[in-house]
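Participant: As you go down the protein sequences, you meet chains A and B in turn.
Numbering of the first sequence is given in UniProt numbering, commencing with residue 1 and proceeding in unit increments.
Numbering of the second sequence is given in UniProt numbering, commencing with residue 1 and proceeding in unit increments.
Every residue gets a Cβ at the ideal spot worked out from N, C-alpha and C, and that includes glycine.
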Amino acid sequence: MAAPESGDGNNGAARMVTLISSDNTRFEVEAAAASLSQTLQLTILDGGGGGGDGIPLPNVDSATLSKVLEYCIKHAPAAANGGAPNATAVDRAELERFDNEFVNIDQSVLYSLIMAAHNLEIEGLQSLVAKKVADMIKGKSPMEIRRTLGFPDPTPEEQAEMNAHMLEYGWAYE
Amino acid sequence: MAAPPELIDDAISEILIRFPPEEPAYFFRASLVSKSWRRILTDPAFLRRYRRFHGTPPLLGFFHDYSVMVPTPRFFSTMVASPFPAAAFERRPWFALDCRHGRVLLRKIDESDEDDAGIEGNFVVWDPNPITGALADLDKPDNPHTSSAVVVCSVTGCDHRDCNDGPFLVVCVREDRSKVAHACVYSSETGAWGTPVSVQLGAYLYVNSHRGTLVGDEIHFVLGLDVGILSYNLLEHNLSIIDPPDMYYHGYIVLIPMEDGSLGLAGIRNSSLYLWSRKVNAEGVAGWVQCKIIKLQTLLSLDHPCKRGYLIGFAEDASVIFMFTAAGAFIVNLKSGQARKVGKYQSYFYVIPFMTFYTPGLSESIKSQFWKDLDSMVASEVFDVSRGGKQEAKDTWWWNDEVQRAIKEKKECFKRLHLDKSTTNIEGYKIAKRAAKQAVSVAKDQAYDNLYQRLGTKEGEKDIYRMARIREQKTRDINEIKCIKDGVDRLLTLCEENSGDRDRGSFEEDEEW
């Protein structure tokens, strides 16, 4: 009975890659998880990131990267199934629960996650975070949106322009 | 905390694309956050992506004509916050006939003084999106009388996600005195109306002015009195009649496209809503299959039985129907079974859904120009509409000599035209009509400008009260009973109101001033 072993063959010796954050912390993850990133996938397919080399990610700090990897590791098995067409309802519910909790985080982390998801081109994470931010800011006033996203206060010039538009759009605030 | 890094445009657009299209005002607010946000939200490429991302245009509300005789366009918003100027849909010189595939079919209210002209002016096809937004003015068909009309995209195999500026068809139906129903089709590609087709109706049928329903290649119209369905086939260019389910309905029936591509029918009988679907059986015979019965009381979550209800419209893409009962007007979602009250009880005629992606334009001046264009395009020479049983006084306080002269000239030309339809007379009338229109708009703008400036002053305050009082008096019943005398002229009752209260009350009602 060789079938089970050959089926699980990849698992036993799953290929690992090393990612290096902007503050020089090294993360070792399965290649399958890291490959959720379109950016990393090419490098990994070319055989990069293995052994002592590691892939440097100068735009992502360690706190953000660990969060990103948490998402990738959770989603890797479903992604390997080709978008999980045969996943059970329980599996999907579990992923949904994970996603909901995953984005339930401090705004500053959420913010860097948006950037990281874009730099690394992780489609699922991009849309998950974008949806969360959209839900947070939709319906808010321009100033509230700026504050929610931690934008610096508008310059007097910007403020003047904003006020002028507000007057024109007055009816949109009723 | 250090300031977070500036978000790149791609990341911002990923967030903004997830804004719900049912609430366009959210977009307008977001467009004020910063210059770069404004740039993204007004970028045609982004807006195209946004439309594709969300698919079918969202339902923003319903137009309704609150009286059969006097079509006064009104608008029911289904939005939390409206992105439209407060009076955008109030007393416009047009009424809506249909809304489909991102376009709205409007009909000008032709307020010419001549009685034979009626109120049915030209058709206008309107793309309400301020970016691609455009208006197409159609000539009248040979016979201007129209019971119902629809606008459809004419591209075969189109998914209607981005076809606002593509070719379209307008299908008009009407019946004549000998009970023959006619259908006539306008094609934007040829720019002309085609040859009409017709079918004989039964003695107790007439073409209802409800909005038509597109199912596959067929457009279905409701026939009234003795209920029936008139079907126009777009490919075969012919008309046929379908019998509705063998039931009598109190109130209107509404035809809806079903998810499986069949024709659906919703009707109310004995305080329940019935849903039907038209299916073809194994022998190839089409018939009605009942799919659902829902008690109105349950459907509308009322705490008392609901005896009567009237179906008055539908929005297929949002899977909703529009109805009213003694408890008010409701929007009912057929998929979720949820009902939402949107208006108080009154008699409603039929309603036309307003479905479009309404997004911020390039600049506010372009947008206000857009609303102006819409008006001038459909504007008739006198703005306030009064037709039918009760003639109201025409709003003429701002008329000056120039306007009177121009309108007199126009009337003369019309009379000449009526006697002799020669090319010179037609041209003459056209020129006079244009001149009258222009004189009216100039005079009116000036009059209103003066008025608004005056209202800003202390002296103007008096005018506000005066206008409020006049308006209030106008709305009162003529035969108001003030006192009743007995046989020997002795006063029995005296119903004197407190005049101070009356003034205050009427002022509150007239906030729009």
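What are the residues of the UniProt domain "SKP1 component POZ" (16-75) of chain A that lie near chain B, defined by any Cβ-Cβ distance shorter than 8 Å?
Facilitator: none
Participant: Might you give, ordered along the chain, the residues of its own chain that have their beta carbon closer than 7 Å to the beta carbon of residue 161 (chain A), omitting 5 neighbours on each side?
Facilitator: none
Participant: Look up residue 18 (chain B) in the DSSP assignment and say whether it is helix, strand or coil.
Facilitator: coil
Participant: Closest Cβ-Cβ distance between residue 133 (chain A) and chain B: below 8 Å?
Facilitator: So, interface residue.
Participant: Using the beta-carbon count (16 or more within 10 Å), is residue 164 (chain A) buried or exposed?
Facilitator: exposed
Participant: If you draw a straight line from the alpha carbon of residue 214 (chain B) to that of residue 269 (chain B), how long is it in whole angstroms?
Facilitator: 25 Å
Participant: Closest to residue 272 (chain B) by CA distance: which of B:255, B:319 and B:323 is it?
Facilitator: B:323
Participant: Under 8 Å by Cβ, that's how I've got residue 24 (chain B) and residue 54 (chain B) pegged, so tell me the actual separation to the nearest angstrom.
Facilitator: Going by Cβ atoms, the distance from residue 24 (chain B) to residue 54 (chain B) rounds to 12 Å, so no, they are not a contact pair.
Participant: Can you round the beta-carbon distance between residue 59 (chain B) and residue 353 (chain B) to whole angstroms, since I take them to be within the 8 Å contact cut?
Facilitator: 6 Å
Participant: Anyone know if the C-beta pair for residue 114 (chain A) and residue 90 (chain A) falls short of 8 Å?
Facilitator: no
Participant: Determine the burial state of residue 126 (chain A): buried for a count of at least 16 other Cβ atoms within 10 Å of its Cβ, exposed for fewer.
Facilitator: buried
Participant: Using 8 Å as the threshold, is the region 90-103 of chain A in touch with the region 139-155 of chain A, meaning 3 or more CB pairs across them?
Facilitator: As far as the Cβ criterion goes, the region 90-103 of chain A does not touch the region 139-155 of chain A, which means the pair count is below three.
Participant: For residue 124 (chain B), write down the residues that DSSP places opposite it in a beta bridge.
Facilitator: B:106 and B:137
Participant: Within its chain, find whatever has a CB closer than 8 Å to the CB of residue 278 (chain B); leave out the 5 residues flanking it on each side and keep chain order.
Facilitator: 242, 262, 263, 264, 265, 286, 287, 288 and 289
Participant: Report the neighbours of residue 8 (chain B) on chain A: residues whose CB is nearer than 8 Å to its CB, in chain order.
Facilitator: Those within 8 Å of residue 8 (chain B) in chain A are 115 and 118.
Participant: Are the C-beta of residue 142 (chain A) and some C-beta of chain B separated by less than 8 Å?
Facilitator: yes
Participant: Measuring only the C-alpha atoms, how far is residue 54 (chain A) from residue 40 (chain A)?
Facilitator: Near 11 Å, if we compare the C-alpha coordinates of residue 40 (chain A) and residue 54 (chain A).
Participant: Determine the chain B residues that contact residue 145 (chain A) at a beta-carbon separation under 7 Å, and present them in chain order.
Facilitator: 30 and 33
Participant: Based on DSSP bridge pairs, tell me the residues matched to residue 26 (chain A).
Facilitator: The partner list for residue 26 (chain A) (beta bridge, DSSP) reads A:20.
Participant: Would you mind sorting residue 497 (chain B) into buried or exposed? The rule is 16 or more other CB atoms within 10 Å of its CB.
Facilitator: For residue 497 (chain B), the pLDDT reaches just 40, beneath the cut-off of 50, and the residue's location in the model is therefore unreliable, leaving the point undetermined.
Participant: Rounded to whole angstroms, what's the CA-CA distance from residue 309 (chain B) to residue 121 (chain B)? Just pull it up for me.
Facilitator: 33 Å
Participant: If you run the structure through DSSP and keep just helix, strand and coil, what is residue 258 (chain B)?
Facilitator: Of the three classes helix, strand and coil, the one that applies to residue 258 (chain B) here is coil, per DSSP.
Participant: Taking just the CA atoms, how far does residue 47 (chain B) sit from residue 357 (chain B)?
Facilitator: 9 Å
Participant: With burial defined as no fewer than 16 other Cβ atoms inside 10 Å of the residue's Cβ, what is the status of residue 17 (chain A): buried or exposed?
Facilitator: buried
Participant: Using the C-alpha atoms, what's the distance from residue 120 (chain A) back to residue 79 (chain A)?
Facilitator: Distance from the CA of residue 79 (chain A) to the CA of residue 120 (chain A), rounded to the nearest whole angstrom, comes to 16 Å.
Participant: Output yes if chain A places a C-beta closer than 8 Å to the C-beta of residue 354 (chain B); else output no.
Facilitator: Not one chain A Cβ lies under 8 Å of residue 354 (chain B).
Participant: Do the region 291-308 of chain B and the region 329-345 of chain B make contact, defined as three or more Cβ pairs closer than 8 Å?
Facilitator: Contact between the region 291-308 of chain B and the region 329-345 of chain B is present: three or more C-beta pairs spanning the two stretches fall below 8 Å.
Participant: Residue range of the alpha helix (DSSP H) that residue 165 (chain B) falls in?
Facilitator: Element bounds for residue 165 (chain B): n/a, residue is neither H nor E.
Participant: Taking only the alpha-carbon atoms, compute the straight-line gap between residue 66 (chain A) and residue 112 (chain A) and give it to the nearest angstrom.
Facilitator: 12 Å
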